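Asker: In this note's numbering, each residue carries its 1-based index in the sequence shown increased by 5. Sending over a structure as structure tokens; questions will come in a sec.
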Amino acid sequence: MSLAQVAAAARRSAALPLTLAVAAVDIDGGETVGVHDHTVLPVASASKLLLLAEVSRRLDTGELLADRPVEVLDEDMADGTGLLRRMSRRGWTVEDLAWLTASVSDNTATNALLRLVGCESTARLAEELGLGRLTLHDKVRDIRGPDVPAVFATGTARDLARLVTHAVRGTMSSPAASARLLEWMRANTDHGLVPALVDHDPYAPGFPNPLPDGLLVANKTGTDTGVRADAGVIVGARRLAYAVVAHWDPALGPSTQRAAVHAIRDVGRTLAACARRRTAE
């Protein structure tokens, strides 16, 4: 099965009142496919991969220390996904905050890390990696007024998939930084989008080495009003980096949201079928 089948799965959503952007990369074979993959869309928390990539780079260079204490400030607090806003402690380490950002997409942890490194540094890293349309515009906010960016982050499916490809190939900024980002992604607890219909064990040891029989997944999802996004890698007989972003008008109601989730899961099922086969059919 070739990655053309992934593109075909994406195009099945063409009649739906939404944009479904898909990019998939056969990391070892070099095949790449995309549908609307150059379209800049809101990507919600999937963009936190770029923040985590910059944190991992700084840990590698020594600009940040993993055990450096970080005081979570009132200005960091954000509702939505995460745990820190509900916990009594205010002091955490850089590595604690990274794990929380990766595993439960903690918005407060994200804001604390972003305060440490700044949006400008994530923009520089994106440019260095050839991901010029993946942008963190602002911190996570409960309410967005007219004086702040309209969305937290924007990007393309192609750039998100490329970032994951860099991590898997060890070319993100260094092999060690790349491996650390993959380890964080592996801890993600949200497997409700691309991996939802993929027969995989999220706790199987050995990642990123393939299992004798089965698939491994590492990913980062994003959820916002009118947005669902997922970027990651499926490891089987082939290693496939992917990104899927759905965007729609929230006024269309919950039925469109459900259709978007089903469309993303359909792409995930096709990605899994491709990952199971060593060579294209």
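Note that CB positions come from ideal geometry on N, CA and C, so glycine has one too. Bear in mind that the values here come from a model prediction, so they are computed numbers and not experimental data.
I'd like the span of the beta strand (DSSP E) that includes residue 252, first residue to last.
Answerer: In the sequence shown, counting from the first residue as 1, residue 252 sits at position 247. Residue 252 -> beta strand (DSSP E) spans 244–252.
Asker: Look up residue 46 in the DSSP assignment and give the residues it is bridged to.
Answerer: Counted from its first residue, the sequence shown places residue 46 at position 41. Looking at the DSSP assignment, residue 46 forms a beta bridge with 160.
Asker: At the level of alpha carbons, what is the spacing between residue 156 and residue 66?
Answerer: Here residue 156 refers to the residue found at position 151 of the sequence shown. Here residue 66 refers to the residue found at position 61 of the sequence shown. Going by the C-alpha atoms only, they are around 31 Å apart.
Asker: Quick check on residue 112: buried or exposed, where buried means 16 or more other Cβ atoms within 10 Å of its Cβ?
Answerer: Taking the sequence shown and counting its residues from 1, the one referred to as residue 112 is at position 107. Result: buried.
Asker: When DSSP labels each residue in this structure, what does residue 286 get in the three-state scheme?
Answerer: Translated into positions along the sequence shown, residue 286 becomes position 281. With a pLDDT of only 45 at residue 286, under the threshold of 50, the placement of this residue in the model should not be trusted, and no figure is reported.
Asker: Going by DSSP in three states, residue 228 sits in which element: helix, strand or coil?
Answerer: Your numbering for residue 228 matches position 223 in the sequence shown. Strand at residue 228.
Asker: Within 10 Å of its beta-carbon, does residue 76 have 16 or more other beta-carbons around it, so buried, or fewer, so exposed?
Answerer: To locate residue 76, count along the sequence shown from 1; it is residue 71. So residue 76 ends up on the exposed side.
Asker: Counting along the chain, where does the alpha helix (DSSP H) carrying residue 184 start and finish?
Answerer: Counted from its first residue, the sequence shown places residue 184 at position 179. Note, residue 184: alpha helix (DSSP H), 180–191.
Asker: Does the beta-carbon of residue 11 have 16 or more other beta-carbons within 10 angstroms, so that it is buried, or is it exposed?
Answerer: Taking the first residue of the sequence shown as 1, we reach residue 11 at position 6. The residue in question, residue 11, is buried, as its Cβ has 16 or more Cβ neighbours within 10 Å.
Asker: What's the C-alpha gap between residue 40 and residue 15?
Answerer: If you number the sequence shown from 1, residue 40 lands on position 35. If you number the sequence shown from 1, residue 15 lands on position 10. If I take the Cα positions, the gap works out to 7 Å.
Asker: Determine the direct distance from the alpha carbon of residue 226 to that of residue 197, and round the result to whole angstroms.
Answerer: Here residue 197 refers to the residue found at position 192 of the sequence shown. Here residue 226 refers to the residue found at position 221 of the sequence shown. Distance between the alpha carbons of residue 197 and residue 226 is about 9 Å.
Asker: Would you call residue 200 buried or exposed, if buried means 16 or more other Cβ atoms sit within 10 Å of its Cβ?
Answerer: Position 195 of the sequence shown, counted from the first residue, corresponds to residue 200. The residue is buried, with at least 16 neighbouring Cβ atoms inside 10 Å.
Asker: Take the Cβ of residue 286 as the centre, count every other Cβ of all protein chains shown within 10 Å, and call the residue buried at 16 or more, exposed below.
Answerer: The residue you call residue 286 lines up with position 281 of the sequence shown. Unreliable placement is indicated for residue 286, whose pLDDT of 45 sits below 50; the coordinate value is still reported in the next sentence. Result: exposed.
Asker: Kindly give me the distance between the Cβ atoms of residue 251 and residue 278, rounded to whole angstroms, as I take these residues to be in contact under 8 Å.
Answerer: Walking along the sequence shown from the start, residue 251 turns up at place 246. Walking along the sequence shown from the start, residue 278 turns up at place 273. 20 Å between Cβ atoms; not a contact.
Asker: Start and end of the alpha helix (DSSP H) containing residue 22?
Answerer: Within the sequence shown, numbered from 1, the residue matching residue 22 stands at position 17. Premise fails: residue 22 is in no alpha helix (DSSP H) and is neither H nor E.
Asker: Assuming residue 242 and residue 191 are in contact, meaning their beta carbons sit under 8 Å apart, how far apart are those beta carbons, in whole angstroms?
Answerer: Residue mapping note: residue 242 aligns to position 237 of the sequence shown, counting from 1. Residue mapping note: residue 191 aligns to position 186 of the sequence shown, counting from 1. The pair is not a contact, with the Cβ atoms about 19 Å apart (cut-off 8 Å).
Asker: Would you identify the three-state DSSP class for residue 9, choosing helix, strand or coil?
Answerer: Taking the sequence shown and counting its residues from 1, one reaches residue 9 at position 4. Of the three classes helix, strand and coil, the one that applies to residue 9 here is helix, per DSSP.
Asker: Whose C-alpha, out of 151, 83, 57 and 240, is nearest the C-alpha of residue 128?
Answerer: If you number the sequence shown from 1, residue 128 lands on position 123. Taking only the C-alpha atoms, the option nearest residue 128 is 57.
Asker: So for residue 95, helix, strand or coil by DSSP?
Answerer: As a working note, residue 95 is residue 90 in the sequence shown. Looking at residue 95 - three-state DSSP - the assignment turns out to be coil, as it is neither helix nor strand.
Asker: Does chain D have any CB closer than 8 Å to the CB of residue 179?
Answerer: As a matter of chain content, chain D is missing from the structure shown, which is built from one protein chain.
Asker: Which residues in the same chain as residue 105 place their Cβ atom closer than 6 Å to its Cβ, once the five residues preceding and following it in sequence are excluded?
Answerer: On the sequence shown, position 100 is the one that residue 105 refers to. Around residue 105: 111 and 114.
Asker: Check for me: the alpha helix (DSSP H) holding residue 76 runs from which residue to which?
Answerer: In the sequence shown, residue 76 corresponds to position 71, counting from 1. Taken as a continuous stretch (DSSP letters only), residue 76 belongs to no alpha helix (DSSP H), being part of the beta strand (DSSP E) at 74–76.
Asker: Rounded to whole angstroms, what is the Cα-Cα separation between residue 45 and residue 34?
Answerer: Looking up residue 45 in the sequence shown gives position 40. Looking up residue 34 in the sequence shown gives position 29. Going by the C-alpha atoms only, they are around 27 Å apart.
Asker: Please list, in chain order, all residues of the same chain as residue 335 whose beta carbon is under 8 Å from its beta carbon, the five residues on each side excluded.
Answerer: No statement about residue 335 is possible, as the shown extent of the chain runs from 6 to 286 and does not include it.
Asker: The beta strand (DSSP E) spanning residue 39 covers which residue range?
Answerer: Here residue 39 refers to the residue found at position 34 when the sequence shown is read from its first residue. Note, residue 39: beta strand (DSSP E), 37–40.
Asker: How close, in whole Å, do the beta carbons of residue 212 and residue 240 come, if the pair is a contact with beta carbons under 8 Å?
Answerer: Position 207 of the sequence shown holds residue 212. Position 235 of the sequence shown holds residue 240. Right, their Cβ atoms sit about 7 Å apart.
Asker: Do residue 249 and residue 27 have their beta-carbon atoms positioned less than 8 Å apart in this structure?
Answerer: The residue given as residue 27 occupies position 22 in the sequence shown. The residue given as residue 249 occupies position 244 in the sequence shown. Yes.
Asker: Would you report the Cα separation of residue 263 and residue 253, rounded to the nearest angstrom?
Answerer: The residue you call residue 263 lines up with position 258 of the sequence shown. The residue you call residue 253 lines up with position 248 of the sequence shown. Their backbone Cα atoms lie some 11 Å apart in a straight line.
Asker: Helix, strand or coil for residue 269? Go by DSSP, reduced to three states.
Answerer: On the sequence shown, position 264 is the one that residue 269 refers to. In this structure, residue 269 counts as helix in the three-state DSSP scheme.
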